[in-house]
Structure formats: C-alpha cells, structure tokens
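Take a look at the structure set out below.
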Amino acid sequence: MAVLPAPAAAGRDTNSDRLSWPARSLGRQALPPGDGWAAAGEGTTGGSAASQDNVHVVDSRAELIDALGGDNATNRNNDTPKIIYVAGAINGFEGPDGNLLTCADLADPEYDFDEFLVTYDPAVWGYENDPSGPLEDARRRSVTNQTRYTQINVGANTTIVGLRGARLENLTLMVDSVRNVIVRNIVFDDAYDCFPAWSPDDGDAGNWNSQFDLMSVRRSENVWVDHNTFTDGDNPDSAQPVYFGRPLQVHDGALDITHTASLVTVSYNRFDGRDKVMLIGSSNTVGPDVGRLNVTLHHNVFDGSLQRLPRIRFGQIDVYNNHYELSGDGFQYAVGVGVQGAPYLENNSFRLGPGIDTADLLYDWGGTVLTEQGSWVGQGHRPLRPASLLDAYNAANDPDLGDDAGWTPTLRHGPVLPAAIVPIYTRLTAGAGKLPV
Ligand code: CA
Ligand code: CA
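Using the numbering used here, the first residue of the sequence shown is number 78, and each one after it goes up by one.
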C-alpha cells in the first residue's frame, strides 16, 4: 500500500519551499516597465516583494481564502504583500468538509425557481415591470448568499500565479477597491449564477442576466491580468435551457473592468467560446468614470465569443496584436464603441466565420471615434489581408465613426508585431499553460 504524504498542517500551508525555480521566479515578477496602462501611476508589482512567510501554495477554497488574509468578508482590506500559488483545481462551492455545496444549499428558504417561472411568466406578469414581490426578494437574498460564498475577494499587493494545471472553477475573482494586483497562468472556468435575474425590458423580448464574472475589476488600479484562460468549460452559454423564450443566462462577463477602475493591462489571455467577454465601463453616466477606465489589451485571443471584445466606455483603450477567431453563430460584434470611449486599435487579426462581414466587427454604443491601423482580416479559410474595420463600418452604417481617438499609446512593451503573424504568435503564447512553472 502506498504511503500517503502527511496532510498539511491545519491553517497555513507550508509547502512553498517545494516550488520549482521557474515558479519562484514567476511569483517574484513585476509588470515590466512600460507594459500597458498598468505600468502607469505607481506601476504594478503585485505581491512580488512578499516576505517568505507570505508565500503560499493553496489547493482548496479554504486555503485560498486563508492565504488572502483569512476572512473572505474582510480580505480586500489585507494589503500585506503576498504571493499565492494555485495548485490544481479550486472550486468556489467547496464546503467546509471539502464536498461541493449545491445551488440549493445557497438558496434562500423562500426561493423556488419553478414558482418564479410561474409568477413572472410574461404571459402573466407582462414586459412592463421588473419582477418584484416576495419571490424576487427571495431570489435576491439567494444571490447575496452565493456572492458571499463564491465571490473570492482579493486585497492590495497580491500576486496569484497558477502552477501547472491550476484552475479556479465556479467562482468569481473580485478585485474591488484595491490596487496593485497580478493574476497569471490560471484557467478560470464557469462562474455560474444559481439565481439569474429576469429582466423583461432588456432587449425586445426580455433577457435573463447573471451577476457573476469570472474576474471583476472595480474601483481599482494597477492590475495586470496575464496568460490566463477564461472559459465556461462544459457549461457553455450555448447549452443553456430556454425560459420565457430566452436562453437562461448563467454567466456575465469573462473579465469586466468597471466602476472607475483604471490602469489595467490584459495580456496574453485566451477568452474561449462565450457570449459576453469584457465590459470596460458599465454605465453611460458622464460622471466618475470620466478620465478612468484606461486599459491595454495585447496579445490576447478571442475565440468563438459573441460580443464585448471589449465593449468600452470613457477610457483610452489600447488594443494591439490581439487575434479574433469569430465563428459565426450568434456573433454580435467585436469592439463596442461606447460613450466617450477612445479605442486605439493597431495590428489586430480577425478570422471571420460564415455570415460575419468586416463591417460587423465594430458596433456603435454611443461612441464617436476610433483610431485603427494595421488590421488584417480573413474570411473563412482565405488568407488574411489588410482591411479597415472603420471604413467597412462607415460604408454600412450612419452616422460614421471618426478616425481619430485623440491620443497615441506610449505604454507598450516590446515591438508591435505585424498583424499577419499575430494568429500564429498568439496561438503559441496566449493562455494558461504557456508560462514556465
Ligand atoms: Ca459584470
Ligand atoms: Ca456611413
């Protein structure tokens, strides 16, 4: 019989001395100078300066929360520099005994989905008013229960690095009201909402909406999100049941950057097969978001996603050397140009599936301008060739978008590649599992 290794001591894990040299080195890395908006201001060092007793290796929800400070309700206030290595898969629903809780465990006693479907059926309730009353109140209390459990709060001066095969499943990594956070080499999988909201006046026929992103950045700055994979795994949007004639939406964004967040660099990530990917700014209100929401996206792959790649408001958004693999079914748009947004698109590549035209890649959500150069687009299996998203958009739509976002990015690290090699380059480098650990 094999001899099992001794279990880790209760509480703090102790096995960080077994990390490989590349893993140690990765944890100690700061964002390179000049690498996107997260290099502005005080720069982004995460927990790279952590003392050795603030270097943790975690493989459960409880250990992750412990390493982040000990109490999920207050961990966002823990600004001690810390490096957290994720080993294996951590699930947001892990209960105290290690078994997974279910949606029923997190539901308010008064909540009943079947009853919800009867009560707020548009045939009964109509489309005029949002759901209200005891059952909707019980749904909201249920969402609060789930938020407390599956939303993992991160404090300032934190680096989270995935070891080989690291996954954060069925949880939301929340970076709210903190600064200086680095997240690298993690597979984020399926942050599903047990209790989606029904919004009868969202769109022409109502929509189900979810609360939970895979990762959210709010009211924070100096955040570097690098070499991660964002996916819904075996629970994709395309497989959800339909109620009230609309698909049950159990996911929100992959990575949403909202509520005055700014100075964020999103590099070398994969965003695989989902509906909504990245909202930068969540409100059209001309207020606190003005002058904020500055984000750099480079060397990311958007594969098979339908909208918000990203959808932007207010910020100066540098989008260079990203590859888009857009398959067709249900596709809405790639870059959404919203109120006072200033996107600068350079040397991105686009592979378009059936039914998608170059003119479909932009969408006007109330913005007016866009700088674009060096885009290459390939239809079906045809080779990529130079194309202008803006010219195609303006030829097909009125009013036209202007061609000058009014700023020129200076925070870039390394050369900007020609778009023609971006598909192969990003295939080899983007996503979790590409960094040496
Ligand atoms: Ca969101
Ligand atoms: Ca036009």
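Every residue, glycine too, gets a C-beta built ideally from N, C-alpha and C.
- Under the 8 Å Cβ criterion, the region 214-234 counts as touching the region 285-304, having at least three qualifying pairs.
- Within the model, the alpha-carbon separation for Gly-322 versus Tyr-204 is close to 13 Å.
- Relative to the non-hydrogen atoms of ligand 2, the Cβ of Asp-475 comes within a distance shorter than 7 Å of at least one.
- Remark: C-beta atoms of Arg-390 and Val-354 do not approach each other more closely than 8 Å.
- Using a 10 angstroms sphere on the CB of Arg-428, the tally of other CB atoms reaches 16 or more, which defines it as buried.
- Boundaries of the beta strand (DSSP E) around Ile-394: 393-397.
- By the 16-neighbour rule on beta-carbons within 10 angstroms, Thr-487 is exposed.
- Assignment of Pro-463 by DSSP, reduced to helix, strand and coil, places it in the strand class.
- Within the same chain, Asn-361, Arg-390, Gly-443 come within 6 Å of Val-416 by CB-CB distance, once the 5 residues on both sides are set aside.
- Asp-437 and Val-454 have their C-alpha atoms some 12 Å from each other.
- Judged by the Cβ position, Gly-413 fails to qualify as a neighbour of ligand 1 at the 7 Å threshold, every heavy atom of the ligand being at least this far.
- By the Cβ neighbour-count rule, His-458 is exposed, with fewer than 16 other Cβ atoms within 10 Å of its own.
- Within the DSSP bridge table, the entry for Val-252 names Val-294 as partners.
- Sequence-distant Cβ neighbours of Gly-310 in its own chain, meaning closer than 6 Å and more than five residues away, are Asp-266, Asp-267.
- When the beta-carbon positions are compared, Tyr-397 and Ala-482 stay at least 8 Å from each other.
- Across the structure, Arg-105 and Ala-144 are spaced so that their CA atoms are roughly 17 Å apart.
- If you draw a straight line from the Cα of Pro-431 to the Cα of Leu-383, it comes to about 13 Å.
- For Asp-214, the enclosing alpha helix (DSSP H) stretches over residues 211-227.
- DSSP places Arg-138 within a helical segment (H, G or I) once states are collapsed to three.
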